[in-house]
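Residue numbering for the sequence shown is 1 to 130, as defined by UniProt numbering. Beta carbons: idealized from backbone N, C-alpha and C, even for Gly. Computed from a predicted structure; not experimentally measured.
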Amino acid sequence: MGAVVICMMVSIRNLFLPSKMKQRHFSLENFIFISLIYLTLMIGFGLLYMALELQGVRVLADNSGVSVESFVNKFMTYVYFSGMTLFSVGYGDVIPVEAGRVLVILEALIGYTIPAAFVVRTVLDIEKQS
């Protein structure tokens with residue numbers, strides 16, 4: 001397992017090291033920028049799901065078998081679900097129900113468009129520099 005982690009770290013590190021290319025268009029700054037966008041959206045949608053639940057609107061059904069009685073556990077479940085939706089993983093252990101389905105569609109749409117927007121922005125920045 002340690003070897004796998006080391007290989008992953010080296011791969012990510014190589015994204016940011018200078019290469020033989022004259023210009024590097026993917027930087028640590030860009031990586032942090034897109035990571036913060038995803039983190040903000042995951043927490044934001046998690047808070048939306050939690051707020052709806054606190055209003056008495058059923059949003060998610062948890063089929064994982066894990067007890068989520070405390071506020072912190074519920075919030076972490078909502079953020080987890082948000083991440084799985086945003087990244088289009090969808091394990092199926094937590095599923096949307098009722099009003100949650102509309103939010104999930106919106107979140108999935110946003111999750112699909114972020115990488116495309118990031119690529120377009122990078123291409124436009126490259127064209128400006130040329």
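Using a Cβ-Cβ cutoff of less than 7 Å, which residues in the same chain neighbour residue i once the five nearest sequence positions on both sides are dropped?
| i | result |
| --- | --- |
| Met21 | Legend: pLDDT at Met21 = 48, less than 50; position of this residue unreliable, value from coordinates given subsequently. Cβ neighbours of Met21 beyond the five flanking positions: none. |
| Arg121 | none |
| Val10 | none |
Note the first and the last residue of the continuous beta strand (DSSP E) segment covering residue i.
| i | result |
| --- | --- |
| Asp125 | No beta strand (DSSP E) holds Asp125; the alpha helix (DSSP H) holding it covers 100-129. |
On the premise that residue j lies in contact with residue i, defined as a C-beta separation below 8 Å, what is that separation, rounded to the nearest angstrom?
| i | j | result |
| --- | --- | --- |
| Met42 | Lys74 | Rounded, the Cβ-Cβ distance is 15 Å, inconsistent with contact. |
| Leu52 | Ala99 | 6 Å |
Suppose the cutoff is 8 Å on Cβ atoms and the five residues either side in sequence are ignored; what does the same chain contact list for residue i look like?
| i | result |
| --- | --- |
| residue 207 | Outside the modelled stretch of the chain, which goes from 1 to 130, sits residue 207, for which no answer is possible. |
| Tyr91 | Met84 |
| Ile105 | none |
| Val123 | none |
Residue i to residue j, Cα distance in whole Å?
| i | j | result |
| --- | --- | --- |
| Ile6 | Ser35 | 21 Å |
| Leu28 | Ile37 | 14 Å |
| Ile107 | Gly56 | Residue identity differs from the one stated: residue 107 is Glu in this sequence, not Ile. Cα-Cα distance, rounded: 21 Å. |
| Val97 | Leu39 | 24 Å |
| Ala116 | Leu86 | 14 Å |
| Lys128 | Leu54 | 48 Å |
| Leu103 | Val72 | 21 Å |
| Gly111 | Glu69 | 29 Å |
| Phe118 | Gly44 | 20 Å |
| Arg58 | Asp125 | 43 Å |
| Leu109 | Arg101 | 12 Å |
| Ile32 | Ser88 | 20 Å |
| Asn30 | Gly46 | 24 Å |
At which residues does the alpha helix (DSSP H) containing residue i begin and terminate?
| i | result |
| --- | --- |
| Val72 | 71-86 |
| Tyr91 | First-last for Tyr91: undefined, no H or E at that position. |
| Asn30 | 28-54 |
In the DSSP assignment, what are the bridge partners of residue i?
| i | result |
| --- | --- |
| Ile95 | Ala61 |
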